[in-house]
Amino acid sequence: MREWHSGKKRLSVLKALWQISPFITSKHSVPKFLRETKIFNRLNDLELLIFSKFLHVRKYQIGEKIFDEGEVAVGWYFILKGSVEIKGKYIESLSNREFSSNVLERLVTFGEAALVDEQALREFSCIARDETTLLGLY
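Heads up, the sequence shown is in the working numbering, so the first residue is 22 and it goes up one at a time.
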C-alpha cells in the first residue's frame, strides 16, 4: 500500500511539472512562437528554449482586466493568442500619426518598461478583447 501511495505522489508531481511546461500552451511551442517575433528571431534554438523557461502563461477571458493605468509596472508581455485593447490618458493624447490603433494582437509585446525601471507606472490600462493568452516575464 505504501509503494502505491508514494507512486501516486510521484505521478502527481510529474503531472504538475508537465502542466507548467512552456510547451503545452498551444499546439505550437513557446520557443517556436518566440522565433516568430521580431525581437527574438535571431536567437538559436537553445537560446529560445532557455528564455522560454522564464516566461509565465497567463490566460484572460473577454473583457478581463490585465492591468490598470497608473499601477506599478510589473511584467513584460507577449501576446501568444488573442488580442488586447489599451486605453488611457497617454493613449488619448497621442496623435493619429503616432498611434493608429489601440488594439494589440498576436506577436506584439508590451510592458517592457517594467524591466528597466522598477518604479515605472503603467501608462495605459489593458483589457482582453477576446480569450487571450499572454506570456509574461516578471
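Glycine is no exception: its CB is placed at the ideal position from the N, C-alpha and C atoms.
For residue i, three-class secondary structure by DSSP
i       : result
Lys-80  : strand
Lys-53  : helix
Glu-106 : strand
Gly-155 : Per the sequence shown, residue 155 should be read as Leu rather than Gly. If DSSP states are grouped into helix, strand and coil, Leu-155 belongs with the strands.
Ile-60  : coil
Phe-72  : helix
Backbone CA spacing between residue i and residue j [nearest angstrom]
i       : j       : result
Pro-43  : Lys-86  : Summary for Pro-43: the model assigns pLDDT 48, below 50, so the residue's position carries little reliability, and this model does not support an answer.
Lys-53  : Glu-144 : 30 Å
Val-78  : Leu-101 : 9 Å
Leu-158 : Asn-123 : 22 Å
Leu-136 : Val-93  : 12 Å
Ile-71  : Leu-64  : 11 Å
Gln-82  : Leu-67  : 32 Å
Thr-153 : Leu-125 : 11 Å
Nearest to residue i (by Cα), restricted to the options the options
i       : options                          : result
Ser-104 : Ile-60, Tyr-159, Phe-54, Leu-128 : Leu-128
Glu-139 : Ile-71, Val-95, Lys-102          : Val-95
Leu-142 : Tyr-81, Gly-109, His-77          : Gly-109
Thr-130 : Leu-76, Gln-82, Gly-91           : Leu-76
Leu-156 : Trp-97, Ile-107, Ile-148         : Trp-97
Asp-151 : Glu-106, Ser-73, Val-51          : Glu-106
Cβ of residue i within 8 Å of any chain C Cβ
i       : result
Ala-141 : The chain inventory of the structure shown lacks chain C, comprising one protein chain alone.
3 or more residues per run - each beta strand (DSSP E) lying fully within the stretch 116-150: 124-126, 146-149
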